[in-house]
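Here the sequence shown stands for residues 1274 to 1438, numbered as in the working numbering. Beta carbons are placed, not taken as given, at the ideal position from N, Cα and C, and that holds for glycine. Nothing here was measured: the structure is a model prediction, and the numbers come from that model. Here is the structure we will look at.
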Amino acid sequence: MTARMLVAGVGNIFLTDDGFGSEVLRRMAGTPTPPDVHLLDAGIRGVHLAYQLLDGYEVLVVVDAAQRGHAPGTVTLVEVDPNEVPDNSAQVADGEAPLVDAHGLEPGAILSMLGSLGGAVQQVYLVACEPASLDDGIGLSPEAEAAVAPAISLVEQLMWKEVSR
1274 MTARMLVAGV GNIFLTDDGF GSEVLRRMAG TPTPPDVHLL DAGIRGVHLA
1324 YQLLDGYEVL VVVDAAQRGH APGTVTLVEV DPNEVPDNSA QVADGEAPLV
1374 DAHGLEPGAI LSMLGSLGGA VQQVYLVACE PASLDDGIGL SPEAEAAVAP
1424 AISLVEQLMW KEVSR
């Protein structure tokens, strides 16, 4: 049995290292993947990503820049328990919280949006790069640039491991 997996690069390419996820997915274009793995450069389109997940994916891998307190360029893997994501659908319905925030497209926000649409995934991974800069500008810092290849390697390991579970 194979698990359907979506690998999504997220971030804003106009904010230097915030474009890390999109750059990783751009470089993975044409990479051989298992049949049940799909690659998506979601950029800042969180709603699109949530709707894409409604197509029956069991595993989500989010590739993004994330400030986690490490040295710039450090790549980390975080497993996110989809059952422990706070449900903010009531706040969204009441107008107290936005459905999507382009600057807060972390896995929790994506999963909350997916839940409000009636969907769910079983497993979520975050492949994160510690940014050196999130200033206005196009292009990655040298630290984030150096982290692209290790991030691709980590995503590839996850692809081949998870689809055969």
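Under the criterion of beta carbons closer than 8 Å, V1353 and P1380 qualify as touching, at roughly 5 Å. By the Cβ neighbour-count rule, I1425 is buried, with 16 or more other Cβ atoms within 10 Å of its own.
Annotation: the continuous beta strand (DSSP E) that includes H1311 extends over V1310 to G1316. With contacts defined as CB atoms closer than 8 Å, V1421 and E1331 fail to qualify as a contacting pair. Of all alpha-carbon atoms in T1304, M1386 and E1357, the one lying nearest the alpha-carbon of L1327 is that of M1386. Taking the Cα positions, G1342 is about 7 Å away from E1403.
Assignment of Q1396 by DSSP, reduced to helix, strand and coil, places it in the strand class. Of all alpha-carbon atoms in S1437, P1355 and G1388, the one lying nearest the alpha-carbon of Y1398 is that of P1355. At the C-beta level, D1337 and L1413 stay beyond 8 Å of one another. DSSP, read as helix, strand or coil, puts A1281 in strand.
Straight across, the Cα-Cα distance linking P1307 with P1415 is about 31 Å. In the three-state reduction of the DSSP assignment, L1427 falls in the helix class. Judged by DSSP secondary structure, A1338 falls within the beta strand (DSSP E) whose first and last residues are V1332 to A1338.
A straight-line Cα-Cα distance of about 8 Å links V1351 and A1401. For E1352, the enclosing beta strand (DSSP E) stretches over residues V1348 to V1353. Counted as a single uninterrupted DSSP element, the alpha helix (DSSP H) harbouring E1296 occupies residues F1293 to M1301.
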